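First comes the structure, then the notes that go with it.
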Amino acid sequence: MDLSELIEIAQKERASEKPVQIRCCVAAGCLSANSQAVKERLEETVTAKNLTAKVEVRGVGCMRLCCQGPLVEVRSQEESQQFPQKKLYEKVTPNDAPSIVTAVNGEETTVKQGNLSHPFFTYQMPIVLENSGKVDPERIQSYIAAQGYRSLYHVLREMTANEVVDTITRSGLRGRGGAGYPTGLKWATVAKAQGERKFVICNADEGDPGAFMDRSVLESDPHRVLEGMAIAAYAVGANQGYIYIRAEYPVAINRLQTAIRQAQRLGILGTQIFDSRFDFKIDIRIGAGAYVCGEETALMASIEGKRGTPHPRPPYPAESGLWGYPTLINNVETYANVAPIIRKGAEWFASIGTEKSKGTKVFALAGKIRNTGLIEVPMGTSLKQIVEAMGGGVPDNGVVKAVQTGGPSGGCIPASAFESIVDYESLTQLGSMMGSGGMIVMDETTNMVDVARFFMEFCMDESCGKCIPCRVGTVQLHKLLTKISQGKASLADLELLEELCDMVKNTSLCGLGQSAPNPVFSTLRYFRDEYLALCAIPDLNK
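By numbering that gives the first Met the number 0, the letter at position 464 of the sequence shown is numbered 463, and the numbering carries on one by one without gaps.
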């Protein structure tokens, strides 16, 4: 495979495109609402009406507005008075398919149409999601036609490994898995590490309640992640990669397996990629759904066939990781940013976002909000813009009370702080964190003590049990929160709750235990009155 062959594939794919494309979302959210049947009925109707020369039905990835799925988008190469270049249909059923197909010729349709000029769409800046809803995730030709694997070719044929690391460093990309560690610095550390072998791992063990960003990217654009991993492997000197993904993501797993096979057949993965000296192989490892395996040392233990429990650091994976060799670990969204950075340049990416948080961030917007789905916005976008403008606020004229970011590791931010922007530093100052990108909106009916109790129960159940502060501390914290929520606690119990949270945070072995008290800390900080109202029992010890 060389550049001319890559270009030829792209040209053939574009030449085969029909004047009208009917794109049907086949990501997990829409599939659960029967979008596969919608797609099949669309195909049957196009054939029955002898429109195959004009109309193509394509299964695509996430179209983002998940609450209105199944979603179908119709794109025409030529805009007319009867039919504009793009229309979005919402909550489509198989019975709606004939009406959508005939609407291509300008006929009237009663199928509900979406508003593509709504802030939910117009405020987004797709970088990670630039191909989602456009390319067919099960056809490598579709990805190549969207400039896929051009960045990998450029890197292997025209750049040194050091130049690649320097480009990622100058871009300002930070790890999108939660902590926001500088990606270029991590790559440089692995590149300099000494070892007979090196590994590259993609952490796709997305376990936060309400989070579905990584799953959607893998279902919608799996080759983008493979390309990012291959570029990273070249930069750090690795020849073997692993994607660690939870078994609860069967659609993503199947599409990844298909994508790997397709890339291998074309020689884009394997030996002497693009006629270079670079060899790279990717294997998939399926996790059993343990939340703690999102922690990098527990994840590596699981890949090695051991029990998924963390171990103390140092040594860090960059020095001694998988089977004791230097290992690079980034999450799905981080790798998905790599190809466009190489293609458009470090300066382009660095010009987006804030001074210390560059680029965009993908969020899964969920909870008590009108527009639930997937969004990608520039760093520095305000919470108000996301929740009220893009999300549309609370249904039925309800009032937003708070938004929870960062999953069980994050915190609850009150509506009074919604003028704050979304970046790593700002969310930390508010007592929360970026996390992998979950964003759950709560209305005025939400009991914040119950919210803290829910997340503590999650951490208690997911604790691996290796260290006592997490194993025992989360249980005791859950008991105290239950006691408070039932109105059986005193102010002394509230004081004990805060002391115990501090102990668990500062003495647990890994990030699960260290961050487990965060929802409690944030709800105490902003909604202490709700705790005080429930702590009605007199303190008998005073």
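Every residue, glycine too, gets a C-beta built ideally from N, C-alpha and C.
Small disclaimer: the values here were computed from a predicted structure and weren't measured.
7 Å CB neighbourhood of residue i in its chain, flanking five on each side removed
i: Phe211; result: Ala363
i: Val154; result: Val163, Ile230, Tyr233 and Ile341
i: Gly179; result: Arg173, Tyr423 and Met433
i: Ser3; result: none
i: Tyr148; result: Leu5, Glu226 and Ile267
i: Leu531; result: none
i: Pro314; result: none
i: Glu247; result: Gly288
i: Met0; result: Leu265, Gly266, Ile267 and Phe273
i: Gln80; result: Because the pLDDT at Gln80 is just 46, under 50, the model does not fix this residue reliably, and the point stays unresolved.
i: Thr166; result: Ile340, Ile341 and Ala345
i: Asp207; result: Gly406, Pro407, Gly434, Ser435 and Gly437
Inter-residue CB distance, residue i and residue j (contact presumed, cutoff 8 Å)
i: Asp422; j: Lys465; result: About 33 Å separates the two Cβ atoms, so there is no contact after all.
i: Leu225; j: Ile259; result: 7 Å
i: Asp442; j: Lys367; result: 4 Å
i: Ala414; j: Glu218; result: Actually they are not in contact, since the Cβ atoms of Ala414 and Glu218 sit about 33 Å apart, beyond 8 Å.
i: Gly176; j: Ser435; result: 6 Å
i: Gly409; j: Ser431; result: 4 Å
i: Gly269; j: Cys292; result: Not quite, the Cβ-Cβ distance comes to about 28 Å (not below 8 Å), so this is no contact.
i: Leu476; j: Leu499; result: 6 Å
i: Val399; j: Val393; result: 6 Å
Neighbourhood of residue i by C-beta, 8 Å cutoff - its chain only, sequence neighbours within 5 removed
i: Tyr324; result: Gly194, Glu195, Arg196, Lys197 and Phe198
i: Gln256; result: Ile283
i: Asp501; result: Pro516
i: Leu321; result: Phe198, Ile200, Tyr241, Met299, Ile302 and Glu303
i: Pro221; result: Pro136, Ala251, Arg254, Leu255, Thr257 and Ala258
i: Cys66; result: Arg369, Asn370, Thr371 and Gly372
Delimiting residues of the beta strand (DSSP E) encompassing residue i
i: Asn104; result: Looking at the DSSP string, Asn104 is not in any beta strand (DSSP E), and its letter there is neither H nor E.
i: Leu87; result: Lys85 to Tyr88
i: Asp442; result: Gly437 to Asp442
i: Asp282; result: Lys280 to Gly286
i: Leu364; result: Thr359 to Gly366
i: Tyr241; result: Gln239 to Arg245
i: Val386; result: Run containing Val386: none; DSSP gives neither H nor E here.
i: Phe198; result: Phe198 to Ala203
i: Leu373; result: Gly372 to Pro377
i: Arg57; result: Val54 to Val59
i: Thr109; result: Premise fails: Thr109 is in no beta strand (DSSP E) and is neither H nor E.
i: Gly410; result: Gly410 to Pro413
i: Thr326; result: Thr326 to Asn330
Residue i: first and last residue of the uninterrupted alpha helix (DSSP H) it sits in
i: Gly510; result: Gly510 to Ser514
i: Leu30; result: Ala27 to Leu30
i: Ala231; result: Pro221 to Val235
i: Gly472; result: Ile467 to Ser484
i: Cys458; result: Met447 to Glu461
i: Glu557; result: Limits of the chain in this structure are 0 at one end and 541 at the other, which puts residue 557 out of reach.
i: Asn396; result: No alpha helix (DSSP H) contains Asn396, which DSSP labels as neither H nor E.
i: Cys500; result: Leu490 to Thr506
i: Asn49; result: No alpha helix (DSSP H) holds Asn49; DSSP gives it neither H nor E.
Cβ of residue i within 7 Å of any chain D Cβ
i: Leu2; result: The structure shown contains no chain D; it is built from a single protein chain.
CB of residue i within 7 Å of CB of residue j, strictly
i: Gly240; j: Ile302; result: no
i: Gln263; j: Ile139; result: no
i: Ser514; j: Cys411; result: no
i: Pro136; j: Arg214; result: no
i: Cys23; j: Val71; result: yes
i: Ala123; j: Glu375; result: For clarity, residue 123 is Gln in the given sequence; the question names Ala instead. Yes, these two residues count as a Cβ contact at 7 Å.
i: Gly68; j: Gly28; result: yes
i: Ile420; j: Gly472; result: no
i: Phe119; j: Asn370; result: yes
i: Met228; j: Tyr334; result: yes
i: Arg545; j: Gly372; result: Any answer about residue 545 is impossible in this case: the structure gives the chain only from 0 up to 541.
i: Leu493; j: Cys534; result: yes
i: Pro309; j: Glu294; result: yes
i: Gly209; j: Ile21; result: no
i: Tyr290; j: Glu461; result: yes
i: Ala100; j: Thr44; result: In the sequence as displayed, the identity of residue 100 is Val instead of Ala. Yes, these two residues count as a Cβ contact at 7 Å.
Spatial neighbours of residue i in its chain, beta-carbon cut-off 6 Å, leaving aside the 5 residues before and after
i: Ala144; result: Ala9, Glu12 and Arg13
i: Tyr525; result: Pro413
i: Ile126; result: Pro339 and Thr359
i: Pro18; result: Lys53 and Gln76
i: Asp528; result: none
i: Arg276; result: none
i: Ala542; result: Residue coverage of the chain in this structure runs from 0 to 541, which leaves residue 542 outside it and unanswerable.
i: Asp544; result: No answer is possible for residue 544: it lies beyond the span of the chain, which begins at 0 and ends at 541.
- Query: Does the pairing of the stretch 105–123 with the stretch 84–93 give three or more beta-carbon distances under 8 Å?
  - Reply: yes
- Query: Is the stretch 313–331 touching the stretch 180–193, taking contact as three or more C-beta pairs under 8 Å?
  - Reply: yes
- Taking one C-beta from the stretch 479–488 and one from the stretch 443–456 each time, how about it: are there three or more such pairs within less than 8 Å? yes
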